[in-house]
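From first to last, the protein sequence lines are chains B and D. For the first sequence, the working numbering gives the first residue as 587, with consecutive numbering after it. For the second sequence, the working numbering gives the first residue as 111, with consecutive numbering after it. We put the beta carbon where it would ideally sit given N, CA and C, even for glycine. Note that this is a predicted model, so its numbers are computed, not measured. Please read the structure below before turning to the comments.
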Amino acid sequence: MLHEQKYCTFRLAGQLFGLPVEGVQEILRAQPLTPVPLAAESVRGLMNLRGLIVLAIDLRRRLALPSRDREDTCKNVVVRTDRGPVSLQVDEVGDVITVDTRTRDEIPQYVSEQARSKISGAYKLPQELLLVLNSEAAWTI
Amino acid sequence: MGSRFHHGPPTPAPRRGRLLCAASSLPERPIATPVKRRSSLKRSHHHVDCLAVIDDPIAEFVTECLENLDRFEQGMLTLEREPGARGVLDDMFRAIHTIKGSSGFFDFNAVARVSHAGENLLSAMREGRMIPTPQSVSLLLEMSDVLRRLLNGGLAAGREPQSDDAGLIERLKVALRDGTSRGSTAAEEGSGPAGAPPVVATPAPATAELEPTVVEPSAGDDPEESTVAAADGPAVEPAPRDEPAAEAAPAAPTRAPEPAGAGERRGAVAEAGGETSSKTPGATLRVDVEVVDRLMDLAGEIVLARNQILRLAASTADSAYLAAAQRLNVITSELQERVMKTRMQPIGTVWSKFPRLVRDVSRMCGKDVRLEFSGGETELDKSVVESIKDPLTHIIRNSIDHGIERPEARVAAGKPAQGVVMMRAYAEGGQVIIEISDDGGGIDPDKVLRRAIERGLVSAEEAPRISQREILGMVFRPGFSTAETVSQVSGRGVGMDVVKTNLQKLGGIVDVDSTVGAGTTVRLTIPLTLAIVPALIVTCGHSRYAIPQSSLVELVNTRSGDNEHRIERIHESIVFRLRGDIIPIIDLSRELQVESARAARGSMNVAVLEVANGRFGLILDDISDTVEIVVKPLAAQLHSIAIFAGATILGDGSIALILDIPELARRAALRDAGDRGDVAKPNLTRGGEQRMAAVVARMSSGMQTAIPMDQITRLERIPRSRMEWGDGRRVVQYRGNLMWCLDLGEQLGLGMGTDEEREFADMIVIEAGEQPIGLMVEQVLDVVDLDLSTMTPSARPGYLGAAVVFGRVTDVVNLRMVLMSLGLYPEVADAA
Numbered sequence: 587m588l589h590e591q592k593y594c595t596f597r598l599a600g601q602l603f604g605l606p607v608e609g610v611q612e613i614l615r616a617q618p619l620t621p622v623p624l625a626a627e628s629v630r631g632l633m634n635l636r637g638l639i640v641l642a643i644d645l646r647r648r649l650a651l652p653s654r655d656r657e658d659t660c661k662n663v664v665v666r667t668d669r670g671p672v673s674l675q676v677d678e679v680g681d682v683i684t685v686d687t688r689t690r691d692e693i694p695q696y697v698s699e700q701a702r703s704k705i706s707g708a709y710k711l712p713q714e715l716l717l718v719l720n721s722e723a724a725w726t727i
Numbered sequence: 111m112g113s114r115f116h117h118g119p120p121t122p123a124p125r126r127g128r129l130l131c132a133a134s135s136l137p138e139r140p141i142a143t144p145v146k147r148r149s150s151l152k153r154s155h156h157h158v159d160c161l162a163v164i165d166d167p168i169a170e171f172v173t174e175c176l177e178n179l180d181r182f183e184q185g186m187l188t189l190e191r192e193p194g195a196r197g198v199l200d201d202m203f204r205a206i207h208t209i210k211g212s213s214g215f216f217d218f219n220a221v222a223r224v225s226h227a228g229e230n231l232l233s234a235m236r237e238g239r240m241i242p243t244p245q246s247v248s249l250l251l252e253m254s255d256v257l258r259r260l261l262n263g264g265l266a267a268g269r270e271p272q273s274d275d276a277g278l279i280e281r282l283k284v285a286l287r288d289g290t291s292r293g294s295t296a297a298e299e300g301s302g303p304a305g306a307p308p309v310v311a312t313p314a315p316a317t318a319e320l321e322p323t324v325v326e327p328s329a330g331d332d333p334e335e336s337t338v339a340a341a342d343g344p345a346v347e348p349a350p351r352d353e354p355a356a357e358a359a360p361a362a363p364t365r366a367p368e369p370a371g372a373g374e375r376r377g378a379v380a381e382a383g384g385e386t387s388s389k390t391p392g393a394t395l396r397v398d399v400e401v402v403d404r405l406m407d408l409a410g411e412i413v414l415a416r417n418q419i420l421r422l423a424a425s426t427a428d429s430a431y432l433a434a435a436q437r438l439n440v441i442t443s444e445l446q447e448r449v450m451k452t453r454m455q456p457i458g459t460v461w462s463k464f465p466r467l468v469r470d471v472s473r474m475c476g477k478d479v480r481l482e483f484s485g486g487e488t489e490l491d492k493s494v495v496e497s498i499k500d501p502l503t504h505i506i507r508n509s510i511d512h513g514i515e516r517p518e519a520r521v522a523a524g525k526p527a528q529g530v531v532m533m534r535a536y537a538e539g540g541q542v543i544i545e546i547s548d549d550g551g552g553i554d555p556d557k558v559l560r561r562a563i564e565r566g567l568v569s570a571e572e573a574p575r576i577s578q579r580e581i582l583g584m585v586f587r588p589g590f591s592t593a594e595t596v597s598q599v600s601g602r603g604v605g606m607d608v609v610k611t612n613l614q615k616l617g618g619i620v621d622v623d624s625t626v627g628a629g630t631t632v633r634l635t636i637p638l639t640l641a642i643v644p645a646l647i648v649t650c651g652h653s654r655y656a657i658p659q660s661s662l663v664e665l666v667n668t669r670s671g672d673n674e675h676r677i678e679r680i681h682e683s684i685v686f687r688l689r690g691d692i693i694p695i696i697d698l699s700r701e702l703q704v705e706s707a708r709a710a711r712g713s714m715n716v717a718v719l720e721v722a723n724g725r726f727g728l729i730l731d732d733i734s735d736t737v738e739i740v741v742k743p744l745a746a747q748l749h750s751i752a753i754f755a756g757a758t759i760l761g762d763g764s765i766a767l768i769l770d771i772p773e774l775a776r777r778a779a780l781r782d783a784g785d786r787g788d789v790a791k792p793n794l795t796r797g798g799e800q801r802m803a804a805v806v807a808r809m810s811s812g813m814q815t816a817i818p819m820d821q822i823t824r825l826e827r828i829p830r831s832r833m834e835w836g837d838g839r840r841v842v843q844y845r846g847n848l849m850w851c852l853d854l855g856e857q858l859g860l861g862m863g864t865d866e867e868r869e870f871a872d873m874i875v876i877e878a879g880e881q882p883i884g885l886m887v888e889q890v891l892d893v894v895d896l897d898l899s900t901m902t903p904s905a906r907p908g909y910l911g912a913a914v915v916f917g918r919v920t921d922v923v924n925l926r927m928v929l930m931s932l933g934l935y936p937e938v939a940d941a942a
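Structure representation (structure tokens):
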């Protein structure tokens, strides 16, 4: 129990990423977005989350991954931040995975420099590698 | 309101400081304005109290000080964790400075003395003369506890309790002198209640013994009495020095991690006050601003929901449903209006505190000052009113302390002995302007500049290039003061810096205007920041945007061939001709860098918008309707995009960004100037260039002239009544400069170019270096694209040639030559 951590997982360009479940508020299907002209490239727009205006950030662009073929199938991972909720757009959402924090690995070499600053660690799962996202770095533009 | 507090802990009237832990066991609830002094409560049944305005100056002063102490302690703890944290020291310094400053007026002399000593220490840390050590931090926390105790005692008693603070002050001084505090001593003190500070000879019993006496006696007593007993009764008084030692150390670590601590303490105070208020129920209720804010949000939401329901109801045949929707409509409108009203306050509610302040400060400074008001009924959103109180206090204090001269000096200068501070408030185009003027000595720009150089704010080389306006603006820099001595009132150079910071937080502006010998005016421009505003919804590209109605003058649809309002292209820039006026115009799609969805050229929607310094046109793709919108802040990540002031949710649930009109105006002005900058190269001599934009004007002699656009800054129509004579020539005040007014006809030897009888003069504004020059003509006719190949070159001085415009022969003026003949050189004089 002591060393357990639950991660909400999702995929971006085939890679598996995770965020600590405590920081995730909810998962939503693709939502209508209002684009924000002049904003940073990774800003997808604003969405109406039950009367709250929430910024949607494209995690692919944020991590310098190639852009998605289809936008309408993407999912919104709404994370809690100290400035209110922010939505991170991902390709698809996976399971909640429990890992032993003692097995945490270094960030693998193949991760690009731009993405490296937004990833805080990695776990070797039986099938693949789980990259742990530094959520703050992901939503701070 | 008071009765519910009895459900709290069993101790009916615990002393404030001790309540820290007990308070956390209270049911969680937002507490209204926290402090209310007992004496004021006793008379609360026969005075009318405004919502959430504390009427008792001492209670208010104590509340403010306690808030400042909270801030100070937070800062202290942050500093302990990250010694290098920037801005923390400044913030802490301001907090203590504010306490020091206001304590003097309320005869809280011990508070003033202690905070003064602490301030000196902080000042040294802030200037880097001293490095904060755990010992000095402990000492400052101890100071904070002593202040807290003095303030709480004062709150209960209505005046400052007796105390012996000499020891603490001495230790603060020693700490300052040594650069480090008496390390081990301070550390020991902080380590536990048993550690009696060795420095101070206190006759009191040890703190451990003292504690129970504080809490116990109140059990069976009248709560009021017990408050008194606890606060300034003999049990507490003899041991002022011990208490901080007891509190400081345990309190610090527990408070540090959670800012909620402040809220708990507020709850505690409110409880103490609530006890007594139950006896005298008032007709008004104090409500936490947060509650009102939330109500405001909810009212906004319900407006949106109502709009949706109405849209749905419009397509139904169910009459019962329709009736219900209508009823909802009416109720919602009223609800919204009422909630908004709860937030509006006349600015006079803040002003009512100032006569006392002026009296006290002027006495302290040995001056005779009268305060005058006008416009106290101007209404502002509650949150805004609250936040301008501190800035106003600082400004008034400064006016009296630094601005107004002593009576002798005033009489000697030929002024009445009594100085006047005038406060004026008025609403102007969605903003409220507050001016605080004094008839004192004014700010001497030379002195400010000298001080700025001394302080290293500017280098001696930069100095001569700094404009007077910039110099005056320096009084807002942190750490700046022109006061010769540091007084209890001011002179530490934090006041104006606080003013600016607070105003900026509100989205307001502060500027200062001063004439040596005549006085100083500080002007605060504050947005109304109302949560619900009427706005025009417009379309640009594929998105909708909101324009606050307050800045909208008119909507114009231009068609080609429409002579009254036309959009004309001059090189890359466009201007808008609106009933004879030429105003700058910008295209929203270009500013937003989105693709315009406008169908065809020729017909365009233009919103004419007004800001403080003029009008401009905004080209839009489409215009929808006017709706009431709820202004919501943008995510912090988007704050850097100045063109958006916020966002809102429309009736259909989609989001519209709210345009920042002053920012667009700035861009319009820039674009206007910038585009001209791009084309400023003289293109007449180049073979490749065949066309040239020129302004066509008529002289009173009937002659038609064309003036090349690339040398023109602006076209203006100026009332003749604004023209004055100065320095031997005709001038007009123009954008903060004196613009020379020259008659173009006269300069060209065509006789007087303009008719003196006309109410307005059309002017072609050019710039010779920094000097704006207005060339008067009878009438500006149009802006045309001259085909240079048809122009007949001229050898006459002052002329480039002649061309045919509108079927008439038109002289093309060589402005450069005209200016040179006047001994003036325009910016691009090299080519001549």
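Setting aside the 5 residues that flank it on each side, residue 445/D is surrounded in the same chain by 409, 412, each with a C-beta closer than 8 angstroms to its C-beta; the list follows chain order.
Taking all protein chains shown into account, residue 770/D has 16 or more neighbouring C-beta atoms within 10 Å of its C-beta and is therefore buried.
Under the DSSP assignment, residue 870/D falls in the beta strand (DSSP E) whose first and last residues are 870-878. When the five nearest sequence neighbours on each side are left out, the beta carbons in the same chain lying within less than 7 angstroms of the beta carbon of residue 201/D are those of 181, 185, in order along the chain. Nearest to residue 197/D by alpha-carbon distance, out of 909/D, 754/D, 607/D, 825/D, is 607/D. DSSP places residue 175/D in the helix class (H, G or I) of the three-state scheme. The continuous alpha helix (DSSP H) containing residue 501/D extends over residues 492-508.
With fewer than 16 neighbouring CB atoms inside 10 Å of its own CB, residue 426/D falls in the exposed class. Among the CB atoms of chain B, one or more fall inside 8 angstroms of the CB of residue 763/D. Between the alpha carbons of residue 254/D and residue 229/D lies a distance of about 11 angstroms.
The shortest CA-to-CA distance from residue 754/D to any of 659/B, 625/B, 598/B, 699/B is the one to 625/B. Contact residues of the segment 740-763 of chain D toward chain B are 742, 745, 746, 747, 748, 751, 753, 757, 759, 763 (C-beta to C-beta distance below 7 angstroms).
The continuous stretches of alpha helix (DSSP H) do not include residue 662/B, which lies in the beta strand (DSSP E) extending over residues 661-665. Within the segment 621-640 of chain B, contact with chain D at the beta-carbon level (separation under 9 angstroms) is assigned to 621, 622, 623, 624, 625, 626, 629, 631, 632, 633, 634, 637, 638, 639, 640.
For residue 896/D, the enclosing beta strand (DSSP E) covers residues 889-897. With three or more CB-CB distances shorter than 8 angstroms, the segment 674-682 of chain B counts as touching the segment 631-649 of chain B. Rounded to the nearest whole angstrom, the CA to CA distance from residue 632/D to residue 461/D is 16 angstroms. Against residue 647/B, chain D offers no close residue; the least beta-carbon distance is about 14 angstroms (beta-carbon pairs closer than 9 angstroms).
At least one beta carbon of chain D lies nearer than 8 angstroms to the beta carbon of residue 669/B. Contact of residue 653/D with chain B by beta-carbon distance below 7 angstroms involves 620, 621. Under the DSSP definition of a beta bridge, residue 590/B partners with 686/B.
The C-beta of residue 515/D comes no closer than 8 angstroms to any C-beta of chain B. Between the C-alpha atoms of residue 470/D and residue 215/D there is a straight-line separation of about 6 angstroms. In this structure, the CA atom of residue 873/D is about 29 angstroms from the CA atom of residue 701/D.
According to DSSP, residue 633/B shares a beta bridge with 640/B. Within the segment 453-488 of chain D, the runs of beta strand (DSSP E) that reach at least 3 residues and sit entirely inside it are, in chain order, 454-456, 479-484. In the structure shown, residue 610/D falls within a helical segment according to DSSP collapsed to helix, strand and coil. Interface flag for residue 767/D against chain B is set, since a Cβ pair is found closer than 8 angstroms. The three-state secondary structure of residue 824/D, taken from DSSP, is strand. Following the DSSP letters along the chain, one finds residue 244/D inside the alpha helix (DSSP H) bounded by residues 244-267.
Within the model, the alpha-carbon separation for residue 851/D versus residue 628/D is close to 29 angstroms. In terms of Cβ geometry, residue 542/D and residue 636/D form a close pair [threshold 8 angstroms]. Under the Cβ distance rule, residue 703/D counts among the residues neighbouring chain B, one pair being separated by less than 8 angstroms. Proximity to residue 610/B across 694/B, 705/B, 689/B, 662/B peaks at 662/B, based on C-alpha coordinates. Per the C-alpha coordinates, the member of 624/D, 553/D, 571/D, 764/D positioned closest to residue 417/D is 764/D. Of 204/D, 179/D, 926/D, 169/D, the smallest CA-CA separation from residue 610/D is found for 204/D.
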